[in-house]
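One structure is given below, encoded as structure tokens.
Protein chains in written order, with the numbering used here: chain A, 1 to 672; chain B, 1001 to 1673.
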């Protein structure tokens, strides 16, 4: 501990700092103009220090997604302005390329000084309902360049030594829809920072700068020490995994995030080399988001109980190559930053699982699941926009099933569907069903949580449906032999027929709806944990009794057969032997000539392809006994004898298997 | 004849009795979470009063809250609209538990398992019309299955029942006809407002508690009857009003959060007598601290609450609870940080100083080490055991015992201070403009440093602070909260509002009539929940008459929005959501008795001197007996005031005066800092 700081003062100061952040939240809710802030609470508050370190955030409603990148925003300010920062200056920033998230999230940085030096100061990142761009609300799946997503604000001074820079404010608000609300939110952010600044001043007056500084350092050092202790306990080495975003419009053009997690001593490096080049669609991010995703996973699996501050971040280095989807350059759009962050999390989780003996959770829904229905409202002649983003099931873990239809551990605790009774008041819509999605949980010794399904009928003559969702093709993976959760699915039922609203699932743009059409939203289940044939038959029977798993699935996947009021133990044992024997397993060989154009390739024997009913271009997964499965695109079929499959040397490393090992294959996606 | 108030807390059950002359008797007995009635009878015996001398008995209970938290309620079946049986599980997809970054979290599942959720074919729309009528045939088939599942209670939760409860009533009648005596809760009866998840969740929990509350109340009544008490047992509800046995049986969910309500009621009662309108109540007990902001003599009533992870939409005094109390344990985190709470040593084993086997150091032990605890009281304090417990931790930190003890108190104070600051800011206030009213077993011991931290200039420690909440039960009125949802532009709702009030007022009049309140003893409070069109949440605006002037009400809404959120938009349309009525039956209350000068001088109240630690020094401090303090006496810190159930610590730099009601009124030496 820093000399001169006793644990009592330290704890009192820690409480005071987190109380300042909680007060910032309360003040902003109390004063914000737009409902996304005062009702949706889509904003976060934080205290920073002069080294651009996060000192305190609240552990309640603040979003890791907003908070962690603020360190990048602050560094961008320092790079741009150096020492030209004076009392009374206020900065604004939303530029993803220098540490922003997407353009809608606007950060305000409110520098404070002590003894002539930059000291502890408040920062807010808040979602502005509109920042200009090609469509209302600024986010669109149809963008090809960032300019279509709104006003890009590099680090700028909007106040200089206490005086507003009116010209720049006029320019900013002049390019946004609903400027009155934007200005209201802007003023609320300033007011909130001012209040926080007063509290910091009071702390300074009471403890003096040296003592307060020592407390801040001690708090960061402790969070760091906790993380380092946990990292030291991991086996050193390099662990690699890859996850995919479902790029493309007409057909799947996968985008890969490749994560190599290197553990050396008490440090972790996450190297994202091998990730796909940036794309002319919304799924790109600037430099801050990949580290945010990597940090979220490491903190959650290594030290969920410790304070969340930059000290905990110190043992982590993230290398995100420029020009890729995880560190894009101008003019790549960044509206789909949530989707990219989830993909980084999937990749890092898969890699980390190899270092922590597979003790990871099944994967989750992979993105925002944004679903919009909008059009003219015949009731009042205006237009309506209905927006929901249904949560899915969470992943299973060793010792427990996932939870159903709920926000996951990486996300802030927000509501994602509206009350039926509110929907039917506000929109020309009728909600006809809200239910758990049976059989959607990833099967395993521990089952993933179930997704939800919701059916919404259009009562107006016409409207349009737009969807931005991931994992509609490549579902959330199961781990340690557990199976994938069901993919996200957004379809339309029209006169008894189910209609696919887009060639590529989850990428729907203004699909025309007519009166009586029913939009069906089905969110993904969480990935399972462990071999489903190892699941306690009593738990399977309980799932069947609850209707969470169908009797067919209990038989076909879990091999559990009922008897009167229970489980037929003998029949179940026999059925399980039969199912185990029927699995497609192959002997692994090495292939150095796979083209691997942006995706992991595999060559499999014709016999295996026949048994799995797959062909070239289809996606299968190789299921190692521990950790996440390796997903691979079939490049060749049939140039080998017996049940063989050939993969690259790197694929073998990811599977932690040798040439000659046998591994189970499962189908993920058939192109036909 | 006596009026008795019984407040069941996490650690102690507090009892107070008041006679016609205003004489007050108090006692405490350890709480018995599984046998509240036993603790009540033990307490009555402890007060030394005969049950037959009791005219009215009011109790607060934690039976309901504990049953939900420990999942000990009834086997409930749910009957709901076809297509929506999982709505109670999916909710709004929020975790509602603090588990950010915890990958292995498990979302609590609803108390009704899936096989006990049944769907009926019917559908009401938002305007109250029936899209799909409820046919007796299919209903009968469903109910056969419901009853075959052997439920102990049934919750009937249909969509849009707030707009048209006919279908719910048909289901209830059909159930009653088939199985008389089976407790049934209908959503429009429990919470007649819109937003189905919150309404369903509340209704399901109400059904979950019905059989349990039935047993508790009958058991209590029976045992009291055997001991000679012949009147009904009143239960205090979460909005601070009392409920008759009939109401508590029908709507047990309204007893949730009732514990802290008594203290706030009593503070309001005393405040009214003493001319104090704006204050913050600070109620520190054994396991937690409750703080509440009172403006204009009335606490704010809110309806958005959670029990465990489940929403409960009942009218409740809007207060904040923080897990810091006398029993909060001081501990070292893995990184060497010193933490206090939120875990509490509870009633058993309790703080080490209680000598019941507790070994972990608590806030109470710290105070004992510092010489601040009174030694006489409901539980004897063993300062030696307290010292041992603190010394263990001090040794690991390389700290002096007293220095660590002061530190533990400081950390607890910091946590409580933060929560007071937050409730003030939420309502747009500066805590420095308020008086702190301190009570609870540990409140008066920490009130002055809490006030110091917040810059609060005035602190009041009322009489009987250790039994304050139980006293508050004696000044509560019988209260019925009711609501109707009427969504639409405010300007067009004048008639709808009037008819909603007429409906609710007729119902309330009937209830109060039955309960023996004549017209002169009834009080009505009306309010409207309003919002700007497009908002998803509402602000309550009190109104005087059932027939409103929409323009004036809208103006009031703009003003309140401005005060609450710092901005308002008078040009925007205001929408009505709910019409609310709180109907009270006013009971006669024991007047706050003027203090009889038991002695003439401060010296007559002297009960010795002892060394008390302040800021690292042992200071020889006078100790006074509260009951012997004369009116107008001035206490100058450092000093200790002891009484049954609480100790007031007068810190150096503060001085206090005993006022005519026996309250200690403190101000900082030399005025406001």
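From the three backbone atoms N, C-alpha and C, an ideal C-beta is built for every residue, glycine too. Please read all numbers here as calculations on a predicted model, not as lab measurements.
{"Check": "Inter-residue spacing [alpha-carbon to alpha-carbon] between residue 1032 of chain B and residue 1063 of chain B", "Outcome": "10 Å"}
{"Check": "Residue 1501 of chain B - partner residues in DSSP beta bridges", "Outcome": "Bridge partners of residue 1501 of chain B: none, in fact."}
{"Check": "Min CB distance residue 409 of chain A to chain B below 8 Å", "Outcome": "yes"}
{"Check": "CB contact flag (residue 588 of chain A, residue 630 of chain A, <8 Å)", "Outcome": "no"}
{"Check": "Test: residue 36 of chain A CB closer than 8 Å to a CB of chain B", "Outcome": "no"}
{"Check": "The segment 1162 to 1181 of chain B / the segment 1085 to 1096 of chain B touching (three or more Cβ pairs under 8 Å)", "Outcome": "no"}
{"Check": "Test: residue 1302 of chain B CB closer than 8 Å to a CB of chain A", "Outcome": "no"}
{"Check": "Proximity below 8 Å, CB of residue 504 of chain A to CB of residue 250 of chain A", "Outcome": "yes"}
{"Check": "Neighbourhood of residue 635 of chain A by C-beta, 7 Å cutoff - its chain only, sequence neighbours within 5 removed", "Outcome": "594, 595, 601, 602, 603 and 616"}
{"Check": "Contact with chain A by residue 1390 of chain B, beta-carbon distance below 8 Å", "Outcome": "no"}
{"Check": "CB contact below 8 Å: residue 217 of chain A versus chain E", "Outcome": "The structure shown contains no chain E; its protein chains are A and B."}
{"Check": "Residue-chain proximity (residue 2 of chain A, chain B), Cβ-Cβ < 8 Å", "Outcome": "Note that residue 2 of chain A scores 45 on pLDDT, short of 50, meaning its location in the model is unreliable; the coordinates nonetheless yield the value given after this. Closer than 8 Å: no."}
{"Check": "Buried or exposed by the 16-neighbour rule on C-beta atoms within 10 Å, applied to residue 492 of chain A", "Outcome": "buried"}
{"Check": "CB contact check: residue 551 of chain A to chain B, cutoff 8 Å", "Outcome": "no"}
{"Check": "Collapsed DSSP secondary structure at residue 1257 of chain B in the structure displayed", "Outcome": "coil"}
{"Check": "Host alpha helix (DSSP H) of residue 296 of chain A (start-end)", "Outcome": "289 to 302"}
{"Check": "Local Cβ density within 10 Å of residue 444 of chain A, reported as buried at 16 or more and exposed below that", "Outcome": "buried"}
{"Check": "Min CB distance residue 225 of chain A to chain B below 8 Å", "Outcome": "yes"}
{"Check": "Secondary structure of residue 1620 of chain B, DSSP reduced to three states", "Outcome": "strand"}
{"Check": "Proximity test, Cβ basis, 8 Å: residue 484 of chain A and chain B", "Outcome": "no"}
{"Check": "Residues of the segment 273 to 303 of chain A with Cβ closer than 8 Å to any Cβ of chain B, in chain order", "Outcome": "296, 299, 300 and 301"}
{"Check": "Rounded Cβ spacing between residue 19 of chain A and residue 1418 of chain B (contact assumed at less than 8 Å)", "Outcome": "4 Å"}
{"Check": "Identity of the residue in B/1624, B/1654, B/1659 and B/1660 nearest residue 1669 of chain B by Cα", "Outcome": "B/1654"}
{"Check": "Inter-residue spacing [alpha-carbon to alpha-carbon] between residue 252 of chain A and residue 487 of chain A", "Outcome": "15 Å"}
{"Check": "Alpha carbon of residue 647 of chain A to alpha carbon of residue 477 of chain A, nearest angstrom", "Outcome": "20 Å"}
{"Check": "Unbroken stretches of the alpha helix (DSSP H), 4 residues or longer, contained in the segment 2 to 52 of chain A", "Outcome": "7 to 31 and 35 to 38"}
{"Check": "Cutoff 6 Å; reference residue 1340 of chain B; Cβ partners in own chain excluding five residues on either side", "Outcome": "1328, 1330, 1408, 1411 and 1412"}
{"Check": "Neighbour-count burial assignment, residue 1198 of chain B, 16 or more Cβ in a 10 Å radius", "Outcome": "buried"}
{"Check": "Three-way DSSP call (helix, strand, coil) for residue 1474 of chain B in this model", "Outcome": "helix"}
{"Check": "Range covered by the beta strand (DSSP E) that runs through residue 1643 of chain B", "Outcome": "1639 to 1643"}
{"Check": "Rounded straight-line distance, which links the Cα of residue 1480 of chain B to that of residue 11 of chain A", "Outcome": "45 Å"}
{"Check": "Terminal residues of the alpha helix (DSSP H) in which residue 546 of chain A lies", "Outcome": "537 to 546"}
{"Check": "Length of the line joining the Cα atoms of residue 754 of chain A and residue 117 of chain A", "Outcome": "Chain A is shown from 1 up to 672; residue 754 of chain A falls before or after that span and cannot be answered."}
{"Check": "Distance between residue 14 of chain A and residue 1509 of chain B (C-alpha atoms, nearest Å)", "Outcome": "53 Å"}
{"Check": "Reduced DSSP secondary structure (H/G/I, E/B, other) of residue 192 of chain A", "Outcome": "helix"}
{"Check": "Pairwise C-alpha distance: residue 93 of chain A and residue 153 of chain A", "Outcome": "5 Å"}
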